[in-house]
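Some notes on the structure that comes next.
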Amino acid sequence: MTDLFETPASDADVEVFSTRVVAATLGAMEVLALHLGRTLGWYQALIDEGPLTSVELAHRTGTQERYAREWLEQQAVTGYLLVDDDTAAPTERRFHVAPGAVEVLTDADSPAHTAPLAGFAVAAGRRFDDFVEAYRHGGGVSWAQLGPDARSAQAAFNRPLFLHQLAQEIVPALPELHSRLLGSARVADIGSGEGWSTIGLARGFVSATFEGFDVDEPSVTAARRHASAHGVDDRVTFSTVDAADLRESRSGEFDVVMAYECVHDMPDPVGVLSAMREMVRDDGYVLVMDERAAETFAAPGDLTERLLYGFSILCCLPDGLSTPGGVGTGTVMRPSVLADYARAAGFSAVEILPVEHDFFRFYRLRL
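If you use my numbering, the sequence shown corresponds to residues -4 to 362, in order.
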(Lines of atoms letter the chains of each structure in order from A and count residues from 1; the text may use other names and numbers.)
(Lines give C-alpha, C1' and ligand atoms only; values in the text may rest on other atoms or scores of the structure.)
Protein backbone atom coordinates (compact mmCIF):
# COMPACT_ATOMS: atom_id res chain seq x y z
CA MET A 1 0.00 0.00 0.00
CA THR A 2 1.41 3.38 -1.00
CA ASP A 3 2.11 5.74 1.86
CA LEU A 4 0.53 9.03 0.81
CA PHE A 5 2.91 10.95 3.04
CA GLU A 6 5.87 9.54 1.11
CA THR A 7 4.46 10.56 -2.27
CA PRO A 8 6.24 13.76 -3.27
CA ALA A 9 4.01 16.68 -4.20
CA SER A 10 4.44 18.05 -7.68
CA ASP A 11 5.28 21.69 -8.24
CA ALA A 12 1.77 22.12 -9.64
CA ASP A 13 0.20 20.70 -6.46
CA VAL A 14 2.23 23.08 -4.31
CA GLU A 15 1.30 26.05 -6.49
CA VAL A 16 -2.41 25.21 -6.42
CA PHE A 17 -2.47 24.88 -2.65
CA SER A 18 -0.39 28.02 -2.12
CA THR A 19 -2.76 29.97 -4.35
CA ARG A 20 -5.73 28.61 -2.41
CA VAL A 21 -4.27 29.84 0.89
CA VAL A 22 -3.67 33.29 -0.59
CA ALA A 23 -7.25 33.37 -1.91
CA ALA A 24 -8.60 32.35 1.50
CA THR A 25 -6.59 35.10 3.18
CA LEU A 26 -7.92 37.60 0.66
CA GLY A 27 -11.46 36.42 1.36
CA ALA A 28 -10.98 36.87 5.09
CA MET A 29 -9.75 40.43 4.62
CA GLU A 30 -12.61 41.25 2.27
CA VAL A 31 -15.13 39.93 4.79
CA LEU A 32 -13.70 42.22 7.48
CA ALA A 33 -13.79 45.15 5.06
CA LEU A 34 -17.42 44.34 4.29
CA HIS A 35 -18.26 44.37 8.00
CA LEU A 36 -16.52 47.75 8.33
CA GLY A 37 -18.75 49.12 5.60
CA ARG A 38 -21.89 47.82 7.28
CA THR A 39 -20.91 48.89 10.78
CA LEU A 40 -19.85 52.42 9.83
CA GLY A 41 -22.87 52.99 7.59
CA TRP A 42 -20.76 53.47 4.49
CA TYR A 43 -22.73 51.12 2.24
CA GLN A 44 -26.04 52.62 3.29
CA ALA A 45 -24.81 56.15 2.67
CA LEU A 46 -23.56 55.20 -0.79
CA ILE A 47 -26.89 53.56 -1.62
CA ASP A 48 -28.96 56.45 -0.27
CA GLU A 49 -26.87 59.35 -1.58
CA GLY A 50 -24.19 58.03 -3.93
CA PRO A 51 -22.11 58.43 -5.94
CA LEU A 52 -19.95 60.00 -3.22
CA THR A 53 -16.37 61.09 -2.82
CA SER A 54 -14.35 60.07 0.21
CA VAL A 55 -14.81 63.57 1.63
CA GLU A 56 -18.59 63.39 1.22
CA LEU A 57 -18.81 59.87 2.62
CA ALA A 58 -16.78 60.76 5.69
CA HIS A 59 -18.85 63.89 6.31
CA ARG A 60 -22.18 62.05 6.00
CA THR A 61 -21.16 59.20 8.30
CA GLY A 62 -19.04 61.04 10.88
CA THR A 63 -15.90 59.09 9.97
CA GLN A 64 -12.34 59.94 8.97
CA GLU A 65 -11.76 60.88 5.34
CA ARG A 66 -8.40 59.14 4.96
CA TYR A 67 -9.81 55.82 6.15
CA ALA A 68 -12.93 56.29 4.04
CA ARG A 69 -10.78 56.94 0.97
CA GLU A 70 -8.70 53.80 1.45
CA TRP A 71 -11.79 51.69 2.04
CA LEU A 72 -13.51 53.09 -1.06
CA GLU A 73 -10.48 52.27 -3.18
CA GLN A 74 -10.22 48.78 -1.68
CA GLN A 75 -13.90 48.16 -2.37
CA ALA A 76 -13.55 49.37 -5.95
CA VAL A 77 -10.51 47.16 -6.55
CA THR A 78 -12.48 44.25 -5.08
CA GLY A 79 -15.48 44.98 -7.32
CA TYR A 80 -18.01 45.74 -4.59
CA LEU A 81 -18.06 49.41 -5.62
CA LEU A 82 -17.71 51.16 -8.96
CA VAL A 83 -15.78 54.40 -9.53
CA ASP A 84 -16.98 56.98 -12.03
CA ASP A 85 -13.49 58.12 -13.08
CA ASP A 86 -10.46 56.32 -11.71
CA THR A 87 -8.15 58.96 -13.21
CA ALA A 88 -9.62 61.74 -11.04
CA ALA A 89 -7.71 63.10 -8.06
CA PRO A 90 -8.01 60.76 -5.03
CA THR A 91 -10.41 62.97 -3.08
CA GLU A 92 -12.49 63.73 -6.19
CA ARG A 93 -13.21 60.16 -7.27
CA ARG A 94 -16.89 59.31 -6.95
CA PHE A 95 -17.98 55.82 -5.92
CA HIS A 96 -21.27 53.93 -6.00
CA VAL A 97 -22.44 50.42 -5.16
CA ALA A 98 -22.12 47.82 -7.91
CA PRO A 99 -25.31 46.43 -9.53
CA GLY A 100 -26.67 43.45 -7.66
CA ALA A 101 -24.92 44.37 -4.43
CA VAL A 102 -27.67 46.45 -2.81
CA GLU A 103 -29.84 43.50 -1.75
CA VAL A 104 -26.87 41.49 -0.56
CA LEU A 105 -25.40 44.31 1.52
CA THR A 106 -28.35 46.22 2.97
CA ASP A 107 -31.80 44.75 2.19
CA ALA A 108 -32.70 43.01 5.45
CA ASP A 109 -35.74 41.31 3.90
CA SER A 110 -34.07 39.88 0.80
CA PRO A 111 -33.20 36.16 0.60
CA ALA A 112 -29.93 37.34 -0.97
CA HIS A 113 -28.98 39.28 2.18
CA THR A 114 -25.87 37.26 3.05
CA ALA A 115 -23.75 40.19 4.25
CA PRO A 116 -24.61 39.50 7.93
CA LEU A 117 -22.47 36.35 7.71
CA ALA A 118 -19.46 38.64 8.05
CA GLY A 119 -20.47 39.19 11.66
CA PHE A 120 -19.66 35.56 12.47
CA ALA A 121 -16.11 36.00 11.22
CA VAL A 122 -15.65 39.15 13.29
CA ALA A 123 -17.09 37.51 16.42
CA ALA A 124 -14.86 34.46 16.01
CA GLY A 125 -11.78 36.59 15.46
CA ARG A 126 -12.35 38.45 18.70
CA ARG A 127 -12.34 35.14 20.60
CA PHE A 128 -9.43 33.43 18.86
CA ASP A 129 -7.32 33.11 22.03
CA ASP A 130 -10.32 31.61 23.84
CA PHE A 131 -10.71 29.02 21.10
CA VAL A 132 -7.05 28.07 21.43
CA GLU A 133 -7.46 27.67 25.18
CA ALA A 134 -10.58 25.51 24.77
CA TYR A 135 -9.04 23.37 22.04
CA ARG A 136 -6.01 22.68 24.24
CA HIS A 137 -7.56 22.28 27.67
CA GLY A 138 -11.28 21.66 27.15
CA GLY A 139 -14.34 23.76 27.84
CA GLY A 140 -15.70 26.09 25.21
CA VAL A 141 -16.71 29.57 24.14
CA SER A 142 -20.36 30.36 24.82
CA TRP A 143 -22.85 32.19 22.65
CA ALA A 144 -22.82 35.00 25.21
CA GLN A 145 -19.02 35.26 24.89
CA LEU A 146 -19.25 35.47 21.11
CA GLY A 147 -21.26 38.61 21.70
CA PRO A 148 -23.52 40.92 19.71
CA ASP A 149 -21.84 40.43 16.33
CA ALA A 150 -22.63 36.71 16.33
CA ARG A 151 -26.09 37.27 17.78
CA SER A 152 -27.09 39.88 15.21
CA ALA A 153 -25.51 37.90 12.36
CA GLN A 154 -27.55 34.82 13.21
CA ALA A 155 -30.78 36.78 13.48
CA ALA A 156 -30.23 38.86 10.36
CA PHE A 157 -29.21 35.90 8.19
CA ASN A 158 -32.39 33.96 9.05
CA ARG A 159 -34.79 36.90 9.07
CA PRO A 160 -35.77 36.78 5.35
CA LEU A 161 -36.56 33.06 5.55
CA PHE A 162 -38.61 33.41 8.71
CA LEU A 163 -40.52 36.55 7.73
CA HIS A 164 -41.11 35.88 4.04
CA GLN A 165 -40.96 32.12 3.41
CA LEU A 166 -41.88 30.22 6.57
CA ALA A 167 -45.60 31.09 6.72
CA GLN A 168 -45.95 31.80 3.00
CA GLU A 169 -44.25 28.75 1.43
CA ILE A 170 -42.88 26.22 3.89
CA VAL A 171 -45.81 25.64 6.25
CA PRO A 172 -48.39 25.49 3.41
CA ALA A 173 -46.30 22.65 1.93
CA LEU A 174 -46.99 20.68 5.13
CA PRO A 175 -50.80 20.23 5.13
CA GLU A 176 -51.22 18.82 8.64
CA LEU A 177 -49.13 21.54 10.24
CA HIS A 178 -50.80 24.17 8.07
CA SER A 179 -54.30 23.17 9.16
CA ARG A 180 -53.31 23.31 12.82
CA LEU A 181 -51.83 26.79 12.55
CA LEU A 182 -54.88 28.10 10.70
CA GLY A 183 -56.89 27.38 13.84
CA SER A 184 -56.46 28.65 17.39
CA ALA A 185 -53.32 26.62 18.04
CA ARG A 186 -50.98 27.26 20.94
CA VAL A 187 -47.43 27.18 19.62
CA ALA A 188 -44.09 26.96 21.43
CA ASP A 189 -40.93 28.11 19.64
CA ILE A 190 -37.87 26.64 21.39
CA GLY A 191 -34.58 28.51 21.01
CA SER A 192 -36.43 31.43 19.45
CA GLY A 193 -33.45 33.81 19.42
CA GLU A 194 -34.39 37.31 18.31
CA GLY A 195 -37.87 36.04 17.51
CA TRP A 196 -38.10 36.16 13.73
CA SER A 197 -39.47 32.61 13.36
CA THR A 198 -42.13 33.27 15.99
CA ILE A 199 -43.02 36.66 14.53
CA GLY A 200 -43.14 35.36 10.95
CA LEU A 201 -45.58 32.64 11.91
CA ALA A 202 -47.68 34.99 14.03
CA ARG A 203 -48.05 37.37 11.08
CA GLY A 204 -49.14 34.51 8.83
CA PHE A 205 -51.47 32.71 11.23
CA VAL A 206 -53.55 35.28 13.05
CA SER A 207 -55.74 32.89 15.07
CA ALA A 208 -52.82 31.12 16.76
CA THR A 209 -50.88 32.26 19.83
CA PHE A 210 -47.14 31.88 20.21
CA GLU A 211 -44.59 31.63 23.00
CA GLY A 212 -40.86 31.84 22.33
CA PHE A 213 -38.27 30.48 24.76
CA ASP A 214 -34.52 31.14 24.75
CA VAL A 215 -31.66 31.08 27.26
CA ASP A 216 -30.05 34.26 25.88
CA GLU A 217 -31.46 37.36 27.59
CA PRO A 218 -30.26 39.91 24.98
CA SER A 219 -31.92 37.83 22.25
CA VAL A 220 -35.18 37.71 24.20
CA THR A 221 -35.07 41.47 24.75
CA ALA A 222 -34.56 42.00 21.01
CA ALA A 223 -37.38 39.55 20.21
CA ARG A 224 -39.84 41.50 22.34
CA ARG A 225 -38.82 44.70 20.61
CA HIS A 226 -39.24 43.12 17.16
CA ALA A 227 -42.66 41.69 18.07
CA SER A 228 -43.87 45.11 19.13
CA ALA A 229 -42.52 46.74 15.98
CA HIS A 230 -44.33 44.17 13.81
CA GLY A 231 -47.61 44.51 15.71
CA VAL A 232 -47.89 40.94 17.00
CA ASP A 233 -47.05 41.42 20.67
CA ASP A 234 -50.71 40.83 21.58
CA ARG A 235 -50.33 37.17 20.49
CA VAL A 236 -46.60 36.60 20.99
CA THR A 237 -44.59 36.41 24.21
CA PHE A 238 -40.93 35.64 24.84
CA SER A 239 -39.32 34.23 27.98
CA THR A 240 -35.74 33.72 29.09
CA VAL A 241 -35.66 30.09 30.15
CA ASP A 242 -33.92 26.81 29.40
CA ALA A 243 -36.49 24.75 27.53
CA ALA A 244 -35.40 21.63 29.40
CA ASP A 245 -36.83 23.22 32.55
CA LEU A 246 -40.31 23.40 30.97
CA ARG A 247 -40.75 19.63 30.91
CA GLU A 248 -43.11 19.52 33.89
CA SER A 249 -44.32 23.10 34.27
CA ARG A 250 -45.72 23.31 30.71
CA SER A 251 -46.62 19.66 30.14
CA GLY A 252 -49.27 19.06 27.47
CA GLU A 253 -50.01 22.76 26.90
CA PHE A 254 -49.12 23.16 23.23
CA ASP A 255 -50.61 22.00 19.94
CA VAL A 256 -47.35 22.63 18.09
CA VAL A 257 -43.78 22.73 19.39
CA MET A 258 -40.97 23.89 17.08
CA ALA A 259 -37.21 24.37 17.22
CA TYR A 260 -35.50 26.29 14.43
CA GLU A 261 -31.74 25.91 13.88
CA CYS A 262 -30.86 25.40 17.53
CA VAL A 263 -30.89 21.70 18.46
CA HIS A 264 -27.30 21.25 17.27
CA ASP A 265 -26.19 24.04 19.66
CA MET A 266 -27.76 22.54 22.76
CA PRO A 267 -25.45 21.00 25.37
CA ASP A 268 -28.22 18.51 26.22
CA PRO A 269 -30.31 18.01 23.07
CA VAL A 270 -31.96 14.86 24.39
CA GLY A 271 -33.10 16.74 27.50
CA VAL A 272 -34.60 19.56 25.43
CA LEU A 273 -36.24 17.21 22.93
CA SER A 274 -37.67 15.24 25.86
CA ALA A 275 -39.12 18.48 27.24
CA MET A 276 -40.60 19.26 23.82
CA ARG A 277 -42.16 15.79 23.83
CA GLU A 278 -43.79 16.55 27.18
CA MET A 279 -44.89 20.08 26.25
CA VAL A 280 -46.90 19.01 23.20
CA ARG A 281 -50.36 17.49 23.46
CA ASP A 282 -50.77 13.80 22.72
CA ASP A 283 -52.11 14.61 19.25
CA GLY A 284 -49.68 17.49 18.70
CA TYR A 285 -47.03 18.29 16.09
CA VAL A 286 -43.28 18.64 16.73
CA LEU A 287 -41.11 20.30 14.06
CA VAL A 288 -37.34 20.73 13.95
CA MET A 289 -35.43 22.76 11.36
CA ASP A 290 -31.68 22.36 11.27
CA GLU A 291 -28.79 22.56 8.83
CA ARG A 292 -28.91 20.48 5.67
CA ALA A 293 -25.75 18.56 6.47
CA ALA A 294 -24.87 15.67 4.19
CA GLU A 295 -26.24 12.36 5.37
CA THR A 296 -22.73 10.90 5.72
CA PHE A 297 -19.23 12.31 6.03
CA ALA A 298 -17.28 12.57 2.77
CA ALA A 299 -14.22 14.61 1.85
CA PRO A 300 -13.80 16.90 0.11
CA GLY A 301 -17.22 18.37 0.78
CA ASP A 302 -19.38 20.80 -1.13
CA LEU A 303 -19.75 24.50 -0.33
CA THR A 304 -22.52 23.93 2.21
CA GLU A 305 -20.57 21.27 4.07
CA ARG A 306 -17.48 23.48 4.17
CA LEU A 307 -19.52 26.39 5.51
CA LEU A 308 -21.14 24.21 8.17
CA TYR A 309 -17.80 22.93 9.40
CA GLY A 310 -16.52 26.50 9.51
CA PHE A 311 -19.43 27.51 11.73
CA SER A 312 -18.91 24.39 13.81
CA ILE A 313 -15.25 24.88 14.72
CA LEU A 314 -15.64 28.61 15.38
CA CYS A 315 -19.10 28.89 16.91
CA CYS A 316 -21.47 25.98 17.47
CA LEU A 317 -19.15 23.29 18.81
CA PRO A 318 -17.36 25.64 21.26
CA ASP A 319 -20.75 26.96 22.37
CA GLY A 320 -22.12 23.46 22.92
CA LEU A 321 -19.05 22.46 24.93
CA SER A 322 -19.05 25.63 27.03
CA THR A 323 -21.58 23.98 29.37
CA PRO A 324 -20.08 21.22 31.56
CA GLY A 325 -21.29 17.86 30.32
CA GLY A 326 -22.31 19.21 26.91
CA VAL A 327 -22.49 16.52 24.23
CA GLY A 328 -20.79 18.69 21.60
CA THR A 329 -22.97 18.04 18.56
CA GLY A 330 -21.59 20.86 16.42
CA THR A 331 -23.21 22.43 13.39
CA VAL A 332 -22.89 19.31 11.23
CA MET A 333 -25.81 17.42 12.76
CA ARG A 334 -26.61 14.68 10.28
CA PRO A 335 -30.14 13.19 10.12
CA SER A 336 -29.02 10.00 11.84
CA VAL A 337 -27.72 12.00 14.82
CA LEU A 338 -31.02 13.84 15.26
CA ALA A 339 -32.87 10.54 14.93
CA ASP A 340 -30.78 9.04 17.74
CA TYR A 341 -31.45 12.06 19.96
CA ALA A 342 -35.19 11.92 19.20
CA ARG A 343 -35.49 8.23 20.01
CA ALA A 344 -33.61 8.74 23.27
CA ALA A 345 -36.06 11.56 24.07
CA GLY A 346 -39.09 9.31 23.63
CA PHE A 347 -40.16 9.99 20.05
CA SER A 348 -41.20 7.02 17.94
CA ALA A 349 -39.69 8.18 14.64
CA VAL A 350 -38.19 11.09 12.74
CA GLU A 351 -39.57 12.00 9.32
CA ILE A 352 -37.69 14.20 6.85
CA LEU A 353 -40.34 16.53 5.46
CA PRO A 354 -40.77 17.36 1.74
CA VAL A 355 -39.44 20.92 1.96
CA GLU A 356 -36.83 21.98 -0.57
CA HIS A 357 -34.23 24.37 0.80
CA ASP A 358 -30.55 24.75 -0.04
CA PHE A 359 -29.36 25.22 3.53
CA PHE A 360 -31.96 23.76 5.90
CA ARG A 361 -33.71 20.44 6.41
CA PHE A 362 -37.12 20.10 8.10
CA TYR A 363 -38.05 17.17 10.33
CA ARG A 364 -41.23 15.99 12.00
CA LEU A 365 -40.63 14.16 15.26
CA ARG A 366 -43.36 11.58 15.60
CA LEU A 367 -44.89 11.05 19.04
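All C-beta atoms in this analysis are idealised placements derived from N, C-alpha and C, irrespective of residue type, glycine included.
Bear in mind that the values here come from a model prediction, so they are computed numbers and not experimental data.
In the pairwise beta carbon analysis, the segment 246 to 253 is classified as touching the segment 173 to 183: at least three pairs are separated by under 8 Å. Note: M253 is bridge-paired with D184, L282 in the DSSP secondary-structure output.
Per the DSSP secondary-structure output, H91 pairs in a beta bridge with L77. Uninterrupted alpha helix (DSSP H) stretches at least 4 residues long and entirely within the segment -3 to 85 occur at 6 to 34, 37 to 44, 49 to 56, 60 to 73, given in chain order. In the three-state reduction of the DSSP assignment, V117 falls in the helix class. Between the C-alpha atoms of R89 and T232 there is a straight-line separation of about 48 Å. DSSP places A344 inside the beta strand (DSSP E), whose first and last residues are 344 to 347. The alpha-carbon separation between F205 and A270 amounts to approximately 17 Å.
The C-alpha of Y358 is placed about 10 Å away from the C-alpha of A344. Only residues of its own chain outside the window of five on either side were considered, and among them E273, M274 have a CB closer than 7 Å to the CB of S246, listed in chain order. Rounded to the nearest angstrom, the gap between the Cα atoms of G134 and D124 is 13 Å. Straight through space, the alpha carbons of E60 and E346 are spaced by roughly 56 Å.
The beta strand (DSSP E) runs of length 3 or more contained entirely in the segment 298 to 348 are, from start to end of the chain, 344 to 347.
Shortest Cα-Cα distance from V265 to any of S214, A217, V322, C310 involves V322. Annotation: R245 is outside any beta strand (DSSP E) and is labelled neither H nor E by DSSP. Annotation for R359: no alpha helix (DSSP H) segment contains it, though the beta strand (DSSP E) segment containing it runs 355 to 361.
Contact between the segment 42 to 53 and the segment 90 to 105 is established, with three or more Cβ pairs separated by less than 8 Å. In the DSSP assignment, no residue is bridged to G178. Taking a cut-off of 8 Å for Cβ pairs, the segment 10 to 28 and the segment 69 to 76 touch, as three or more such pairs fall below it.
The segment 207 to 224 makes no contact with the segment 160 to 174: fewer than 3 CB pairs, one atom from each, lie closer than 8 Å.
Of V350, M261, P349, E300, the smallest CA-CA separation from P313 is found for M261. Just measuring C-alpha positions, the residue of G188, G190, S174, V11 sitting nearest F200 is S174. Annotation: the segment 185 to 247 contains the following complete segments of the beta strand (DSSP E) (minimum length 3 residues), in chain order: 204 to 209, 231 to 235.
Residue burial annotation: S214 is buried, with at least 16 other C-beta atoms found within 10 angstroms of its C-beta. The C-beta distance from A113 to H30 rounds to 4 Å, short enough to meet the 8 Å contact threshold. Nearest to T318 by alpha-carbon distance, out of G190, A129, V227, is A129. In this structure, the CA atom of V78 is about 19 Å from the CA atom of V99. In the pairwise beta carbon analysis, the segment 101 to 117 is classified as touching the segment 145 to 154: at least three pairs are separated by under 8 Å. Here G325 has S307, C311, L312 as same chain residues with Cβ atoms under 6 Å from its own Cβ, once five neighbours each way along the sequence are excluded. For R154, the three-state secondary structure derived from DSSP is helix. When the alpha-carbon of A238 is set against those of T216, V210, R219, the nearest one is in V210.
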